Amino acid sequence: MSVKTVPFSDELIQNIAAKYGTPFHIYDEKGMLDNVKRFQKAFSWNPNFHEYFAVKATPNPWIMKSLKTLDVGSDCSSMAELVLAESVGIKGEEIVFSANDTPDEEFIKAHELGAIINLDDVSNLDDLERLQIVPERICFRYNPGPELTRGNAIIGTPEEAKYGMTYDQLMTCVDWAKKKGISYIGIHTMVISAELELPGLLGTISMMCDLANDIRDKKGITVDFIDFGGGIGIPYLPEQEAVDIEGLGEGARKLFEEKMAGFEKTRICFECGRAITGPYGFLVTKAIHYKNIYRNYIGVDACMADLMRPGMYGAYHHITVLGKADAPKDHVYDVVGSLCENCDKFAIQRKLPEIDMGDLIVIHDTGAHGHSMGYNYNGRLRHQEIMVYEDGSVQQIRRNETLFDLFATLDFPSLKENTAKVEK
Ligand SMILES: *Cc1c(COP(=O)(O)O)cnc(C)c1O
Numbered sequence: 002m003s004v005k006t007v008p009f010s011d012e013l014i015q016n017i018a019a020k021y022g023t024p025f026h027i028y029d030e031k032g033m034l035d036n037v038k039r040f041q042k043a044f045s046w047n048p049n050f051h052e053y054f055a056v057k058a059t060p061n062p063w064i065m066k067s068l069k070t071l072d073v074g075s076d077c078s079s080m081a082e083l084v085l086a087e088s089v090g091i092k093g094e095e096i097v098f099s100a101n102d103t104p105d106e107e108f109i110k111a112h113e114l115g116a117i118i119n120l121d122d123v124s125n126l127d128d129l130e131r132l133q134i135v136p137e138r139i140c141f142r143y144n145p146g147p148e149l150t151r152g153n154a155i156i157g158t159p160e161e162a163k164y165g166m167t168y169d170q171l172m173t174c175v176d177w178a179k180k181k182g183i184s185y186i187g188i189h190t191m192v193i194s195a196e197l198e199l200p201g202l203l204g205t206i207s208m209m210c211d212l213a214n215d216i217r218d219k220k221g222i223t224v225d226f227i228d229f230g231g232g233i234g235i236p237y238l239p240e241q242e243a244v245d246i247e248g249l250g251e252g253a254r255k256l257f258e259e260k261m262a263g264f265e266k267t268r269i270c271f272e273c274g275r276a277i278t279g280p281y282g283f284l285v286t287k288a289i290h291y292k293n294i295y296r297n298y299i300g301v302d303a304c305m306a307d308l309m310r311p312g313m314y315g316a317y318h319h320i321t322v323l324g325k326a327d328a329p330k331d332h333v334y335d336v337v338g339s340l341c342e343n344c345d346k347f348a349i350q351r352k353l354p355e356i357d358m359g360d361l362i363v364i365h366d367t368g369a370h371g372h373s374m375g376y377n378y379n380g381r382l383r384h385q386e387i388m389v390y391e392d393g394s395v396q397q398i399r400r401n402e403t404l405f406d407l408f409a410t411l412d413f414p415s416l417k418e419n420t421a422k423v424e425k
């Protein structure tokens, strides 16, 4: 069992809370970059290995900029994510644009940026024809269907997943690209999510190696790009072990040695989100209410607007109470937010130290799909993000939303005036 620790001193968190108020998401740049370096090192046997950051995990340009110092590119799936990448100065081969039910203007933008356009379906060929787009770089998303019996609660089983295309459709796409004279062709898959075990991750790599070989044997094309997708999990639970990244790199090296002669120039990549930022973000929130009815509740000043995962997936997020790391965990609480939804609970029947009003509660592993998944139900506002840089400096990298932001799309008499009465 691992001990889940916080990489910041209590004093630093208290000072940030005093200066910026609570709640806030706080990110540890050093942890994030060290982890990426470790990943890159594990795959350094292949000079064409690249890591792309799945922007949806934490779509903040400051984080993308920081990752870019290690040549981490962007995996984008929407206009917003493309514009973020563009603003950070990421373009061309450093962007993978993964389509799924994609509007025309996003294909156009991805094409403008020279991204690797990752088609979700054979029908996307009609979209490109209609838009008269012949991408410089194209990639095709593979869904192996029931052939692959693995799957899990988040992504389901591949045959039930909406992503990617069948083997035959993918071969049709390769023919199309060849006919169009596109010289850069890639393959991609995303069949796994939040996976901690090597067999599943290596199975994905092996499957993609086989597909690359099939394309070469059948179509005479050596793919330029193989994208193993994201899906590398993180240990949310104290009893879980982190993915053995060195073992993954070594396993991949062996698979390449076995299967991939002649693919030495092929760029290979992962496009991880969760594994890159997840463990390096924390949601810090203050205990502001308690109630004792049939259960004991602690009400905090964050809610599902700041972190959906527990309410949405029943996900476990570890919680520590600032300054009470060594106190006995002799109380049982539901730690809840203020939404009118009973699933707005960060922890259910959790053993914790006695919590006093005003205590700072640290919710772990919120660096991916934390702030980014938030929503404004009940008119709840999303909160600030703070980065602690490797050199120790602290920056608010996103301010709190205001009611003005929330109402910006409403044109209604006196709404702005009345908002001004409650917003400073
Ligand atoms: C969500 C997603 C990822 C990242 O998944 P993680 O589980 O966060 O690593 C990568 N690629 C695509 C296309 C995705 O949709």
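Residues are numbered in our numbering as their position in the sequence shown, beginning at 1, plus a constant of 1.
We put the beta carbon where it would ideally sit given N, CA and C, even for glycine.
Treat the numbers as computed from the prediction; the structure is a model and nothing was measured.
When C-alpha distances from Ser207 are compared across Phe229, Ile186, Arg138 and Lys220, the shortest belongs to Phe229.
When DSSP states are grouped into helix, strand and coil, Asp35 belongs to the helix group.
When only Cα atoms are considered, Ile227 and Asp102 end up about 22 angstroms apart. When beta bridges are read from the DSSP output, Gly300 appears opposite His290 and Val337. Within the same chain, Pro159, Val192 and Met208 come within 7 angstroms of Pro145 by CB-CB distance, once the 5 residues on both sides are set aside. For Met166, DSSP records a beta bridge to Tyr143. Boundaries around Glu386 are those of the beta strand (DSSP E), Glu386 to Val389, since no alpha helix (DSSP H) includes it. The beta carbons of Ile117 and Gly187 sit about 6 angstroms from each other, so the pair counts as a contact at 8 angstroms. Rounded to whole angstroms, the gap between the alpha carbons of Tyr334 and Ala262 is 57 angstroms. Annotation for Val73: no alpha helix (DSSP H) segment contains it, and DSSP assigns it neither H nor E. In this structure, Asp366 has its beta carbon at no less than 7 angstroms from each heavy atom of ligand 1.
One thing to note: His318 has its Cβ within 8 angstroms of the Cβ of Arg310.
Residue side-chain check: Ser99 places its Cβ nearer than 7 angstroms to a non-hydrogen atom of ligand 1.
Counting of Cβ neighbours within 10 angstroms places Val423 among the exposed residues, the total staying below 16. Membership of His112 in the alpha helix (DSSP H) is indicated by the continuous run Asp105 to Glu113. Contact check between the region 229-248 and the region 325-332: fewer than three CB pairs, one atom from each, fall below 8 angstroms, which does not count as touching. Residue state for Val56 is assigned as helix, using DSSP reduced to three classes. Excluding residues up to 5 positions away in sequence, Met80 lie with their Cβ nearer than 6 angstroms to the Cβ of Glu107 in the same chain.
Just so you know, the alpha carbons of Tyr390 and Pro147 end up roughly 45 angstroms apart. For the 8 angstroms CB-CB criterion, Leu129 and Leu83 do not form a contact. Cβ-Cβ distances below 6 angstroms link Val395 to Val389 in the same chain, with the five nearest sequence neighbours on each side left out; the list follows chain order.
In the structure shown, Val285 adopts extended strand secondary structure according to DSSP, grouped into three states.
A Cβ-Cβ separation of about 6 angstroms places Pro62 in contact with Ser88 under the 8 angstroms criterion.
In the structure shown, the three-state DSSP call for Tyr21 is helix. Per DSSP, the continuous alpha helix (DSSP H) segment holding Thr205 begins and ends at Leu199 to Lys220. Per DSSP, Asn119 is one residue of the beta strand (DSSP E) stretching across Ile117 to Leu120. The beta carbon of Ala316 lies closer than 6 angstroms to those of Arg310 in the same chain, with the five residues before and after it left out.
Counted as a single uninterrupted DSSP element, the beta strand (DSSP E) harbouring Val97 occupies residues Ile96 to Ser99. Take Ser78, set aside five residues on each side of it, and the residues of its chain with a beta-carbon closer than 6 angstroms to its own are Ser99, in chain order.
Arg381 and Ser10 have their C-alpha atoms spaced approximately 29 angstroms apart. Judged by DSSP in its simplified three-state form, Tyr376 adopts coil rather than helix or strand.
Burial state of Ile91 is buried, judged by a 10 Å Cβ sphere holding 16 or more other Cβ atoms. Assigned with DSSP and collapsed to three states, Ile398 falls in strand.
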